[in-house]
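Per the UniProt record's numbering, the very first residue in the first sequence carries number 1; after that it's consecutive.
Where a beta carbon is used, it is the ideal one built from N, C-alpha and C, also for glycine.
This one's a predicted model, so the numbers in the text were calculated from it and none came from an experiment.
Structure record follows, encoded as structure tokens.
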Amino acid sequence: MLNKSQVQYCLDVMKEMYPQAQCELDHANPFELLIAVVLSAQCTDNLVNKVTSSLFQKYTTPEDYLAVPLEELQQDIKSIGLYRNKSKNIRKLCQMLIDDYGGEVPKTKQELMKLAGVGRKTANVVASVAFNEPAIAVDTHVERVAKRLGICRWKDSVLEVEQTLMRKVTKDEWADTHHRMIFFGRYYCTAKNPQCSECPLLTLCREGQKRMKKKNAAKT
DNA sequence: AACTCGGGGCA
DNA sequence: TGCCCAGAGTT
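Okay, structure coming up:
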């Protein structure tokens, strides 16, 4: 298992691999961030980014999403997939924000998870990025990367992965951790056919070492 | 833990 | 074509 300084090294390397143009979502206000992350479920980020720029011009408050017919909102987000569920969820979510939170986005992940269409991952992203709350978002990419590198155990649950990460990452980088690991997992440490031989973290990667050994054995 | 939801991207 | 995707909700 990787110790704290090794994990820190991994995150430093991932930071350098991360493109200059940081995720625009970082700079959005909490409400826009929340909407964007809810929309991003099960579709790629650049697909969502295509929609959000025009979406956030048209809709700026929870009331705005409720002011138009459902069909109009569906049309506006149609191109990202799952738009029927997502548009309904967003309206439900906005209604809850108005009714229960005075139109503001709640700050803790416990409150965020009560909202429609907001699960553990979305709640953690919004809480940590927008409000600097103690949380690290874990999705399939983060989980895979953490397990391959040896940050946590293979059989750890999502919750255990999250807790291990919070133990091994310094507090002021919690908000950034999921962006780096997700990007690394999406474009380098891919689920299928990861290019381990070109990976800068190969020397300390548990799974990478195993794969390279296998590859060499197959050659000879 | 397993299943469903589903449009677009990509090979 | 067929498979996959920065998940969440329900059973």
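ask   = What whole-angstrom Cβ distance do V126 and L55 have, given they're in contact under 8 Å?
value = For the purposes of this step, residue 126 is identified with residue 126 of the first sequence, where counting begins at 1. For the purposes of this step, residue 55 is identified with residue 55 of the first sequence, where counting begins at 1. Incorrect: roughly 17 Å between the Cβ atoms, too far for contact.
- Query: Would you report the Cα separation of E173 and D156, rounded to the nearest angstrom?
  - Reply: Working through the first sequence from its first residue, we reach residue 173 at position 173. Working through the first sequence from its first residue, we reach residue 156 at position 156. Approximately 22 Å between the Cα atoms of the pair.
Excluding the 5 residues preceding and the 5 following G150 in the sequence, name in chain order all residues of the same chain whose CB lies nearer than 6 Å to its CB.
For the purposes of this step, residue 150 is taken as residue 150 along the first sequence, with counting starting at 1. Contacts found: M1, L2 and R206.
- Message: According to DSSP, simplified to helix, strand and coil, what is M113?
- Response: Here residue 113 is taken as the residue at index 113 of the first sequence, counted from 1. Of the three classes helix, strand and coil, the one that applies to M113 here is coil, per DSSP.
Handout entry: For M17, the first and last residue of its enclosing alpha helix (DSSP H)
Key = Stepping through the first sequence from its first residue, residue 17 is reached at position 17. Taken as a continuous stretch (DSSP letters only), the alpha helix (DSSP H) holding M17 covers K4 to M17.
Practice item. Please work out which residues of its chain come closer than 8 Å, Cβ to Cβ, to V51, disregarding the five sequence neighbours upstream and downstream, and give them in chain order. Key: Indexing the first sequence from 1 puts residue 51 at position 51. Around V51: L39, D76, I77, S79 and I80.
Could you check the C-alpha separation between L202 and T170 for me, to the nearest Å? The sequence position of residue 202 within the first sequence is 202, counting from 1. The sequence position of residue 170 within the first sequence is 170, counting from 1. CA-CA distance, L202 to T170, rounds to 23 Å.
| field | Buried versus exposed, by CB contacts within 10 Å (16 or more), G185 | value | Start at 1 with the first residue of the first sequence, and residue 185 comes out as number 185. When all chains shown are included, G185 counts as buried.
- Short Cβ contact (8 Å threshold) for V129 with A175: Here the question's residue 129 lines up with position 129 in the first sequence. Here the question's residue 175 lines up with position 175 in the first sequence. Yes. Within cutoff.
What is the rounded straight-line gap between the Cα of Y9 and the Cα of T220?
-> The residue you call residue 9 lines up with position 9 of the first sequence. The residue you call residue 220 lines up with position 220 of the first sequence. Looking at the two C-alpha atoms, the distance is approximately 33 Å.
query: Would you report the Cα separation of D64 and Q195, rounded to the nearest angstrom?
result: The sequence position of residue 64 within the first sequence is 64, counting from 1. The sequence position of residue 195 within the first sequence is 195, counting from 1. Between D64 and Q195, the C-alpha separation is close to 45 Å.
- Take V138 and list the residues in its own chain whose beta-carbon comes closer than 6 Å to its own, dropping the five residues that flank it on each side. The residue labelled residue 138 in the question sits at position 138 within the first sequence. Only V158, V161 and E162 meet the Cβ criterion.
Cut-off 6 Å between Cβ atoms - residues of its own chain near T177, not counting five sequence neighbours on either side: The residue labelled residue 177 in the question sits at position 177 within the first sequence. Taken in chain order, the residues that qualify are I136 and V169.
L93 and A116 closer than 8 Å at C-beta: For this step, residue 93 is matched to residue 93 along the first sequence. For this step, residue 116 is matched to residue 116 along the first sequence. The answer is yes: Cβ separation under 8 Å.
Alpha helix (DSSP H) segment containing G102, residue limits
Counting from one through the first sequence, the residue named residue 102 turns up at place 102. Where G102 is concerned, there is no enclosing alpha helix (DSSP H), given that its DSSP letter is neither H nor E.
Next on the checklist: Counting C-beta neighbours from all protein chains within 10 Å, is the total for K192 16 or more, i.e. buried, or is it exposed?
Outcome noted: Here residue 192 is taken as the residue at index 192 of the first sequence, counted from 1. With fewer than 16 Cβ atoms within 10 Å of its Cβ, K192 is classed as exposed.
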